Structure formats: structure tokens, C-alpha cells
Amino acid sequence: MTIRLPGAGGALRTYEPRTEPLAGTPGTPFTSRTVFSAAHVVADPFADVSPDSPAAVDWDATLAFRRHLWSHGLGVAEAMDTAQRGMGLDWAGAAELIRRSAAEAKSVGGRIACGVGTDQIASGSLAQVRAAYEEQLALVEESGAQAILMASRALAAAASGPEDYLEVYGHLLRQAAEPVVLHWLGPMFDPALEGYWGSADLDAATDTFLDVIAAHPDKVDGIKVSLLDAQREIDIRRRLPKGVRCYTGDDFNYPELIAGDEQGFSHALLGIFDPLGPLAAQAVRVLDTGDVQGFRDLLDPTVGLSRHLFQTPTRFYKTGVVFLAWLAGHQSHFAMVGGLQSARSLPHFATAYELADGLGLFPDPKLAEERMKTLLSMYGVNQ
Numbered sequence: 253m254t255i256r257l258p259g260a261g262g263a264l265r266t267y268e269p270r271t272e273p274l275a276g277t278p279g280t281p282f283t284s285r286t287v288f289s290a291a292h293v294v295a296d297p298f299a300d301v302s303p304d305s306p307a308a309v310d311w312d313a314t315l316a317f318r319r320h321l322w323s324h325g326l327g328v329a330e331a332m333d334t335a336q337r338g339m340g341l342d343w344a345g346a347a348e349l350i351r352r353s354a355a356e357a358k359s360v361g362g363r364i365a366c367g368v369g370t371d372q373i374a375s376g377s378l379a380q381v382r383a384a385y386e387e388q389l390a391l392v393e394e395s396g397a398q399a400i401l402m403a404s405r406a407l408a409a410a411a412s413g414p415e416d417y418l419e420v421y422g423h424l425l426r427q428a429a430e431p432v433v434l435h436w437l438g439p440m441f442d443p444a445l446e447g448y449w450g451s452a453d454l455d456a457a458t459d460t461f462l463d464v465i466a467a468h469p470d471k472v473d474g475i476k477v478s479l480l481d482a483q484r485e486i487d488i489r490r491r492l493p494k495g496v497r498c499y500t501g502d503d504f505n506y507p508e509l510i511a512g513d514e515q516g517f518s519h520a521l522l523g524i525f526d527p528l529g530p531l532a533a534q535a536v537r538v539l540d541t542g543d544v545q546g547f548r549d550l551l552d553p554t555v556g557l558s559r560h561l562f563q564t565p566t567r568f569y570k571t572g573v574v575f576l577a578w579l580a581g582h583q584s585h586f587a588m589v590g591g592l593q594s595a596r597s598l599p600h601f602a603t604a605y606e607l608a609d610g611l612g613l614f615p616d617p618k619l620a621e622e623r624m625k626t627l628l629s630m631y632g633v634n635q
């Protein structure tokens with residue numbers, strides 16, 4: 253088994269794929285950490301749609317992938333950035349995804365939390381932003397899922413300062429039926445969120461973020477921080493009110509943040525745990541035994557792959573996630589809603605394949621090799 257892969261300079265090199273996958277068996281939820289995987293959606297490859305059309309989703313394959321994550325003890329963070337919210341999946345599609353996934357979670361006993369945003373409006377007044385949030389919050393609560401209050405492009409555009417964020421989030425938290433997760437998504441994931449919480453100064457923005465939580469600690473289960481800044485997350489984590497969790501969203505530094513230090517640790521809500529699901533679950537089960545070094549030994553080697561998938565422009569990491577799901581056999585094709593399969597280069601895919609194969613992420617390495625060769629042939633690389 254050998255395959256010729258292109259490098260960034262265009263030259264081909266020979267790679268010998270791994271023959272055996274990493275052993276990973278289904279298991280129960282974890283005891284030391286709460287861990288969510290933000291899951292991708294599977295497009296319907298036979299739908300006659302354009303990148304501007306509403307998303308055409310293969311519901312059977314999409315729900316099957318969620319059952320795969322639940323079978324390993326992971327929770328599913330639904331209708332989040334990884335599911336291409338605002339990048340191919342509109343609110344109508346997200347609403348249907350939430351309904352279907354929440355029902356599926358209930359039927360199999362899986363844990364689920366769902367994204368609440370404002371993407372049914374492109375822009376609007378603060379009152380319109382609140383109403384959009386309220387509509388989505390109501391749907392998520394009716395589905396029986398936990399709510400994740402996501403950052404809003406419309407709020408970023410409408411707010412004139414920190415006081416507007418305090419007012420909008422305070423209003424939503426007061427009416428939430430159950431504690432929610434607050435999500436701070438950085439501009440590296442979505443440039444429209446620059447200056448969120450009322451300031452481009454991250455220290456000032458952090459203060460406003462923490463002010464929202466301090467005013468409603470009983471309504472905040474936790475926070476998800478996606479700034480790719482480990483020290484800032486640690487600093488925020490140490491300032492949280494007692495009982496409010498920190499869910500790391502740092503796809504660059506997650507092993508050290510989940511492992512924690514003498515002053516605490518982060519739980520996890522990560523897009524990289526979509527392709528890493530079984531391996532991540534195995535690592536957290538080792539951590540459940542108190543073996544921090546064993547946890548790090550399993551998870552540290554995955555950081556190279558994660559940093560590659562999330563390299564700038566970071567918002568296109570979803571392409572690599574779906575690419576690996578195809579190679580791993582979780583879906584029959586490499587098509588994405590919005591046509592986003594074109595967002596990364598062939599050398600990027602080649603490196604992602606090599607790194608994932610080296611980690612043993614493919615249940616059937618031969619299938620992954622054949623599919624990689626199929627992709628290469630489409631780009632004119634003959635084996």
C-alpha cells in the first residue's frame with residue numbers, strides 16, 4: 253500500500269499508509285469531564301442546488317454520524333459553527349436539524365446541546381435581534397435540548413457598546429427556562445464578530461462577558477471560549493463564579509486546557525472532536541482514572557492535525573472535517589452544503605490525510621487510501 257501525495261511545492265512524494273486503525277470501542281459517558289463534539293452535517297449529493305440555495309441535507313447520514321458520536325460517550329453540540337451555520341446552513345435548515353437531532357438524542361439516550369443565534373435575520377435593530385434570539389431559544393427548549401447562546405453577527409452590527417450586550421444577553425438569560433452555555437466565537441472563525449462584547453480590546457471584552465455571567469450565574473451552565481488563546485481562556489476560567497463551567501473551544505490547545513492545572517480545568521465543546529471522536533473518548537476515559545499523563549500521551553499527538561485543519565482562514569476548517577468523515581467511511585461522498593468542499597487545496601487535503609492516517613483515525617485504512625486516490629485522480633494525479 254503506497255500512495256503518491258502532492259506537497260505545497262507541487263512535487264509528488266510516496267507515502268505508505270498505516271495498515272491498522274487505532275483501537276476504539278464504544279463506551280458510556282465520562283465522569284471527570286463533560287465533553288461535546290460539534291458535529292458536521294452531511295449534504296445530499298444528488299440534490300440539484302447551487303451554493304446560494306437552501307441546504308440540501310442527507311438526514312439519514314447526518315443522524316447516523318450523531319449516533320456514532322453518542323456511542324462513544326460524547327455529547328453532540330448541534331447546529332453550531334461546525335454544522336456550517338451561516339456558511340451554507342440557514343436558520344430553516346438549522347431548525348430542522350435541531351428538531352431531528354434532539355428527537356434522535358431522546359430515542360438513544362444521547363446528550364445534546366443546540367446553538368441559538370439570530371441567523372434568520374441578516375441585520376436589524378436591537379429589538380429585532382432579541383426577537384430572533386427568542387425565536388430560536390424557544391425552538392431549542394421545546395425540543396428538549398440544552399441551549400447554547402451563540403455570538404450574533406446581527407448583534408455585533410447593531411450594538412453601539414458593551415451596554416447593548418449586557419441588555420440583550422440579560423434579557424435572554426432572564427427568560428431561559430434552564431441554564432445555558434454562552435459562546436464567545438472569535439473573529440478568526442467569523443470575521444463579522446470582530447469587536448464582540450462591545451470592544452476590539454480583548455481585556456475590555458472579557459470584562460463585559462464576565463459581567464453578563466456575574467449578573468445571572470444561576471442561568472449560565474457554562475461558557476465556551478473559541479479564541480485560540482490558551483492563557484486568556486485560563487484567565488477567564490479562574491474568574492468564573494462557582495458552579496459555572498468553562499468548555500474549551502480552543503482547537504489549538506485543547507489537551508492542556510482539558511487536563512487543567514492546580515486551579516481547575518476546562519470541559520470541552522470542540523469541532524476537532526468530530527474527526528477525533530473515538531480517540532478523544534479513549535483519552536478522556538484514561539483521564540477519568542486520574543492518569544493525566546496517559547491522557548496527554550493519547551491526545552497531544554492529535555494537535556498537529558487540528559492545527560492543520562484550523563489553519564487560516566480558520567473558518568474553512570469544516571472542509572477538512574467533512575473530508576476526513578468521507579475518508580473514514582461515515583459518508584459516501586465528499587460534497588458539502590454551500591459547495592464548501594472547494595474551500596481547501598489539494599496539498600491541504602493530502603497533509604490532512606497523512607496526519608489522520610498516522611493517528612489511526614480511519615476504521616478502514618484501505619478504504620481511506622482508495623478514496624484519497626480517487627480525489628487525487630480528479631486533480632490529475634495518477635498513481
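Following my numbering from start to finish, the sequence shown increments by one per residue and tops out at 635. We treat Cβ as the ideally placed atom computed from N, Cα and C, and that holds for glycine. Remember, predicted model here, so these are calculated numbers, not experimental data.
One or two residues paired with residue i in a DSSP bridge
{"i": "L521", "result": "F288"}
{"i": "D513", "result": "G516"}
{"i": "S451", "result": "Note: S451 sits in no beta bridge, so no partner."}
{"i": "Y267", "result": "I255"}
{"i": "A365", "result": "A329, Q398"}
{"i": "H435", "result": "K476"}
{"i": "R337", "result": "L341"}
{"i": "A295", "result": "V309"}
Residue from the options with nearest C-alpha to residue i
{"i": "P507", "options": "V472, S284, V544", "result": "V544"}
{"i": "I373", "options": "G361, C366, E386, I364", "result": "E386"}
{"i": "Y631", "options": "L611, R596, D616", "result": "R596"}
{"i": "K625", "options": "G612, G361, P615, A602", "result": "A602"}
{"i": "R351", "options": "G327, G361, A397", "result": "A397"}
{"i": "T564", "options": "H600, D552, L539", "result": "H600"}
{"i": "D481", "options": "D455, V309, W343", "result": "D455"}
{"i": "H435", "options": "L522, D453, D416", "result": "L522"}
{"i": "G663", "options": "H582, R490, M440, L509", "result": "For the chain, the structure presents residues 253 to 635; residue 663 sits outside this window and is missing."}
{"i": "A535", "options": "A291, Y417, P278", "result": "P278"}
{"i": "D552", "options": "G325, G572, S584, F504", "result": "F504"}
{"i": "Y605", "options": "G590, T554, V589, L539", "result": "T554"}
{"i": "Q336", "options": "E446, D371, E356, L326", "result": "D371"}
{"i": "T254", "options": "A457, D549, Y267", "result": "Y267"}
{"i": "D416", "options": "G450, S404, E394", "result": "G450"}
{"i": "I400", "options": "F517, L492, A331", "result": "A331"}
{"i": "F441", "options": "A608, I510, S478", "result": "S478"}
{"i": "F525", "options": "A291, F282, G276", "result": "A291"}
{"i": "K471", "options": "R363, G438, A429", "result": "A429"}
{"i": "F461", "options": "D502, A403, A409, S518", "result": "A403"}
{"i": "T549", "options": "A532, P527, H560, L613", "result": "Going by the sequence as given, residue 549 is Asp instead of Thr. Checked all of A532, P527, H560, L613; the closest Cα to D549 is A532."}
{"i": "L349", "options": "R382, G361, A383, Q388", "result": "Q388"}
{"i": "P297", "options": "F288, D310, L539, P306", "result": "D310"}
{"i": "D513", "options": "R489, P527, G501", "result": "R489"}
Endpoints, beta strand (DSSP E) assigned at residue i
{"i": "P258", "result": "255-258"}
{"i": "R497", "result": "497-500"}
For residue i, the first and last residue of its enclosing alpha helix (DSSP H)
{"i": "T314", "result": "311-323"}
{"i": "E485", "result": "482-491"}
{"i": "K476", "result": "Element bounds for K476: not the alpha helix (DSSP H) but the beta strand (DSSP E), 472-478."}
{"i": "L378", "result": "378-395"}
{"i": "L425", "result": "414-427"}
{"i": "F282", "result": "Counting along the chain, F282 falls outside any alpha helix (DSSP H), and DSSP gives it neither H nor E."}
{"i": "G630", "result": "Per the sequence shown, residue 630 should be read as Met rather than Gly. 617-630 is the extent of the alpha helix (DSSP H) around M630."}
{"i": "G261", "result": "Premise fails: G261 is in no alpha helix (DSSP H) and is neither H nor E."}
{"i": "T603", "result": "598-611"}
{"i": "A403", "result": "Segment: none, A403 is in no alpha helix (DSSP H) and carries neither H nor E."}
Residue i, buried or exposed, once every other Cβ within 10 Å from all chains shown has been counted against 16
{"i": "R537", "result": "buried"}
{"i": "K358", "result": "exposed"}
{"i": "Q483", "result": "exposed"}
{"i": "Q515", "result": "exposed"}
{"i": "N634", "result": "exposed"}
{"i": "D453", "result": "exposed"}
{"i": "K618", "result": "exposed"}
{"i": "K570", "result": "buried"}
{"i": "A344", "result": "exposed"}
{"i": "V392", "result": "buried"}
{"i": "K637", "result": "Residue coverage of the chain in this structure runs from 253 to 635, which leaves residue 637 outside it and unanswerable."}
{"i": "F586", "result": "buried"}
{"i": "D304", "result": "exposed"}
{"i": "F575", "result": "buried"}
{"i": "G362", "result": "buried"}
{"i": "R567", "result": "buried"}
{"i": "A275", "result": "exposed"}
- Output the residue ranges of the beta strand (DSSP E) runs that lie fully inside the region 512-594 and measure 3 residues or longer, sorted by chain position. 519-522
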